[in-house]
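K.L.:
I have a structure here, written as structure tokens, and I will follow up with some questions on it.
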Amino acid sequence: MAVRVRFAPSPTGALHIGGVRTALYNYLFARQQGGTFILRIEDTDQGRYVPGAEEYIIEALKWVGLAPDEGVGFGGNEGPYRQSDRKEIYHKYAHELVERGHAYYAFDTPVELEERRQVEEHFTYNHLTRNGLNNSLVLDSAVVQQRISQDDPFVVRLKVEPGRRILIQDLIRGEVAFESSELDDKVLLKADGMPTYHLANIVDDHLMRITHVIRGEEWLPSTAHHVLLYEGFGWQDTMPKFSHLPLIMKPVGNGKLSKRDGAKFGMPVFPLSWKGETEEDSFEGFREAGFLPEAVVNFLALLGWHPGGDQEIFSREELINAFSIEHIGKSGARFDYEKAKSFNQKYIHAKDNASLATMVRPLAAAKGYEVSDAFLEKAVGLMKERVTFLQDFVETGYYLFEPVKFYDEETLVKRWNGDIPAVFAALTEKVATFEEFNAVALEESVKSFIQEKNLKPGDILPLLRIALAGTMKGPAVYEMAELLGKNATLERLKALQSSR
RNA sequence: GGUCCGUUCGUCUAGGGGUCAGGACGCGUCCCUUUCACGGAUGAAACACGGGUUCGAUUCCCGUACGGACUACCA
């Protein structure tokens, strides 16, 4: 049977990086199996709906290159793919389940249940308590009909029969067992007419012919309910196989990675930036932080999965080929930003100059740098082995695009002494006479100049570097000079002298 | 509290009855380079604990400890 998997986020805000990883694993599995990757929007909680979240999810998936084959914004024949557009479908199935005797109507209000929980610490709506509550199991059927027809608010609850052992074969964790007596009678259809996750997810997965459910570990405890639902509908033969992914944990401290950890640890935890209502609800994304999507994908792929062996860098094709659910880890994986940065660094190194220039172009433009493609390509070529983020090209390496703003005074105090100013002036004059201005010729002349004057390279090179870049870090001096050209180079040599 | 899941260097992980327990990130040292980085070499660094099973357990089983998730008319 053709593999069909889905990524089913809730549009309650920006898509967390853990969600991106879930999407990635679903995508990799689908691609490897020649299957279909579906995006379904689970917006059944109207109270938590956040405008723009759906667009964000789609844009984020596109950025990391995980465009679905079917789904909201991507077409497909099994739609609609937005759960709020499927309301009637859930209604139909909820009532069908009641008729089949696996669910019932309940009139208890949230307030009543809350009060009950106040007095009874561990109150649960289940096989032990339901007979003392306000539902179609105890009420006279005529009363039930009447209350429903007069629009009394009601919910539909799953009728969990005690005394059963429910076995789940998880592809990652093996067999997981639950006792039905421990399970509560979950709400399937809410009083507002919308389904809960439990109902919607089973109905949709069945209707959309999903073969594998790959989702976060937080769903493992409710999977027993899901199995009961498949059985209740008589769909057990086509029930998808379950795989529950380990969670992504905070870099330090306890618990799973949360959106607040981004600000706390000074790192992105979202793929794209998100502008919320407030400052606290706004986040920087990996994209805006200067990450390459391939690097993010590689990093995320290995956060909880590894095919075995020593390989760390995987192309998209290699990931697809090597992926397997069985090699997904069982324990939570700590989010290691240092490692994420190192992946980015490696991917930037590996990128050709022309592609990098294309990516840096808008960043340069934002700073007002107007340079030719040829110049930009050479500039990124000089910088690419010393940057971590795309911004570093125009921030750390700003001096390739505009005059030096700050001099490393510490080095100058040490070096700008004795007859050095005079020597430097002489060198500047010599440079001014150059016919051919390139790195090789420059290096030759400077070297012979140093010899003539009986100096050491250390007397001159650091000063040249400071003149050109202002700092003791950066590309080779001669390469920079060639890139800047004769005029700019001379200007900077003179600027240093007049600053003393 | 209850239910379920988990536990190999600081972190991500490989491995799996007999290995010098391997790689990567980070950290240290050295080489390259009179810059910084890259690159290369090298070092420190782990099988949570206690019982079994076994000739032999990091690996299999059971406990304990610790960690995590769930426990809503949220997903």
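Numbering follows this note's numbering, in which position 409 of the first sequence is assigned residue number 397; successive positions increment by one, without gaps. Glycine included, every Cβ here is placed at the ideal spot set by N, Cα and C.
1. Looking only at C-alpha atoms, which of G317, A342, Y395 sits nearest to L159?
2. Have a look at W207, E219, E206, R304 and flag the residue whose alpha-carbon is nearest the alpha-carbon of V191.
3. Using DSSP with H/G/I as helix, E/B as strand and the rest coil, what is I448?
4. What does DSSP give as the partner residue(s) for T24 in the beta ladder?
5. Quick one: what does DSSP say K355 is sitting in, helix, strand or coil?
6. Less than 8 Å between the beta carbons of G59 and R28, yes or no?
7. Touch check for the segment 102 to 109 and the segment 60 to 78: three-plus C-beta pairs under 8 Å?
8. For A410, count neighbouring Cβ atoms within 10 angstroms of its own Cβ and tell me buried if that reaches 16, exposed if not.
9. Taking the Cβ atom as the reference point for each residue, do T199 and K229 lie within a distance shorter than 8 Å?
10. Could you round the C-beta distance between A283 and N341 to whole angstroms and report it? I think they count as a contact, below 8 Å.
11. Ignoring anything shorter than 4 residues, give me the alpha helix (DSSP H) runs that lie fully in the segment 60 to 115, in order along the chain.
12. Could you say which of M255, L176, I336, R197 lies nearest to I5 if we only look at CA atoms?
13. Under the rule that 16 or more other beta-carbon atoms within 10 Å means buried, what is P445, buried or exposed?
14. Please report the straight-line C-alpha distance between T0 and I46, rounded to a whole angstrom.
15. In this structure, does DSSP put N122 in helix, strand or coil?
16. Within the chosen definition, does the segment 113 to 122 reach the segment 146 to 154 through at least 3 CB pairs nearer than 8 Å?
17. When the distance is taken between beta carbons, is V52 closer than 8 Å to G23?
18. Let me know the beta strand (DSSP E) ranges lying completely inside the segment 147 to 194, each 3 residues or longer, listed in chain order.
19. Here's a check: name, in chain order, each residue in its chain whose Cβ is nearer than 7 Å to the Cβ of E431, leaving out the five neighbours to either side.
20. Rounded to whole angstroms, what is the Cα-Cα separation between W262 and Y335?
P.N.:
In short:
1. G317
2. Distance check between V191 and each of W207, E219, E206, R304 places E219 closest, using alpha-carbon atoms only.
3. helix
4. R(-8)
5. coil
6. It is a contact, given that the beta carbons lie within the stated cut-off.
7. Touching, no.
8. exposed
9. yes
10. No, A283 and N341 are not in contact; Cβ-Cβ is about 17 Å, not under 8 Å.
11. 75 to 87, 98 to 107
12. Out of M255, L176, I336, R197, M255 has the C-alpha closest to the C-alpha of I5.
13. exposed
14. Rounded to whole angstroms, the separation of the alpha carbons of I46 and T0 is 14 Å.
15. coil
16. Three or more beta-carbon pairs drawn from the segment 113 to 122 and the segment 146 to 154 are found closer than 8 Å, and the two stretches are therefore classed as touching.
17. Cβ distance not < 8 Å, so G23 and V52 don't count as in contact.
18. Annotation note: the segment 147 to 194 contains the following uninterrupted beta strand (DSSP E) runs of length 3 or greater, listed N- to C-terminal: 153 to 158, 162 to 167, 175 to 177.
19. Y466
20. Annotation: W262 to Y335 spans about 25 Å, alpha carbon to alpha carbon.
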